[in-house]
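Numbering (my numbering), first residue to last: 17 to 86.
Every residue, glycine too, gets a C-beta built ideally from N, C-alpha and C.
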Ligand code: SF4
């Protein structure tokens with residue numbers, strides 16, 4: 017399977033300097049190991065704080081719903 021890094025990077029909202037931009041499989045596995053979810057699970061104003069915890073994700077979804085994910 018061909019890596020879609022270039023295409024994926026166009027939709028990546030992560031502002032952290034990281035080699036995993038657009039390599040979603042590595043990005044997800046990295047954050048999952050840490051009990052977190054990737055930047056794209058958060059709205060831009062929250063993503064920039066770099067709190068990728070599942071607790072923070074639940075808090076944001078509870079407050080804002082899931083429409084920002086579309
Ligand atoms: S969400 Fe995490 S792993 Fe993915 S590109 Fe950003 S900092 Fe890297």
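Residue i: CB within 8 Å of a non-hydrogen atom of the ligand SF4
{"i": "residue 42", "result": "yes"}
{"i": "residue 48", "result": "no"}
Residue i classed as buried or exposed, judged by whether at least 16 other C-beta atoms fall within 10 angstroms
{"i": "residue 68", "result": "buried"}
{"i": "residue 27", "result": "exposed"}
{"i": "residue 150", "result": "This structure cannot settle anything about residue 150, because the visible part of the chain is limited to 17 through 86."}
{"i": "residue 45", "result": "exposed"}
{"i": "residue 22", "result": "exposed"}
{"i": "residue 43", "result": "buried"}
Bridge partner(s) assigned by DSSP for residue i
{"i": "residue 52", "result": "69"}
Min CB distance residue i to chain B below 9 Å
{"i": "residue 34", "result": "Protein chain content of the structure displayed is limited to a single chain, and chain B is not contained in it."}
Proximity to residue i [Cα-Cα], best of the options
{"i": "residue 38", "options": "49, 18, 72, 51", "result": "18"}
{"i": "residue 57", "options": "77, 42, 24, 20", "result": "77"}
{"i": "residue 53", "options": "81, 25, 73", "result": "73"}
{"i": "residue 65", "options": "30, 43, 25", "result": "30"}
Three-state secondary structure (DSSP) of residue i
{"i": "residue 47", "result": "helix"}
{"i": "residue 36", "result": "coil"}
{"i": "residue 18", "result": "coil"}
{"i": "residue 31", "result": "coil"}
{"i": "residue 23", "result": "helix"}
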